[in-house]
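Take 1 as the starting number for the sequence shown in my numbering and just add one per residue. The C-beta atom is built at its ideal place from N, Cα and C for all residues, glycine as well. Quick caveat: nothing in here was measured; it's all calculated off a predicted structure.
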Amino acid sequence: MASPQQVHPERQKRVDTALKFFTIAATITGIFLVILVIRMVLEYIIGMEMPDWATLIAQAHGLAYMVYLLSILNLAPKARWSVGQWFTTALAGVIPFFSFWMEIKRRDQVKAMFQL
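Laid out in structure tokens, this is it:
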């Protein structure tokens, strides 16, 4: 079995920086998404009346999702992702709990590929 090709240290540094930004953005987006889902369950299924500030949660998730998309646009070309990987990773930011799973999967793939 052939050993993996050595990755240039400068490229490793660029990918590692992009990966850290992606990890932080994905985690924050996932947390806001879970909070948004809990809020929606409480409001629409249980019937609890939510305070006015609760609508800011949806806006916060929207802003976090935009930052998440920027992190994908930063990491994907450096990690040489396929179009399918771009799409599924972007979609993960709007599907509860899938976002956490996808972030872990992509992080592990990039770390293995670039020997981080």
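If the criterion is Cβ atoms closer than 8 angstroms, does the pair residue i and residue j meet it?
{"i": "M102", "j": "A112", "result": "no"}
{"i": "L142", "j": "A58", "result": "The structure shown does not extend to residue 142, since the chain spans only 1 to 116, so no value can be given for it."}
{"i": "L42", "j": "R107", "result": "no"}
{"i": "K78", "j": "V34", "result": "no"}
{"i": "G30", "j": "F114", "result": "no"}
How close, in whole Å, do the beta carbons of residue i and residue j come, if the pair is a contact with beta carbons under 8 angstroms?
{"i": "H8", "j": "F32", "result": "Going by Cβ atoms, the distance from H8 to F32 rounds to 36 angstroms, so no, they are not a contact pair."}
Return helix, strand or coil for residue i, following the three-state DSSP convention.
{"i": "E49", "result": "coil"}
{"i": "M1", "result": "Model confidence at M1 stands at a pLDDT of 37, short of 50, so the residue's coordinates are unreliable; what they give is reported in the following sentence. Note: M1 maps to coil in three-state DSSP."}
{"i": "L33", "result": "helix"}
{"i": "S99", "result": "helix"}
{"i": "L116", "result": "coil"}
Let me know if residue i comes out buried or exposed under the rule of 16 or more other beta-carbons within 10 Å of its beta-carbon.
{"i": "A2", "result": "In this predicted model, A2 has a pLDDT of only 39, less than 50, meaning its place in the structure is not dependable enough to derive any value."}
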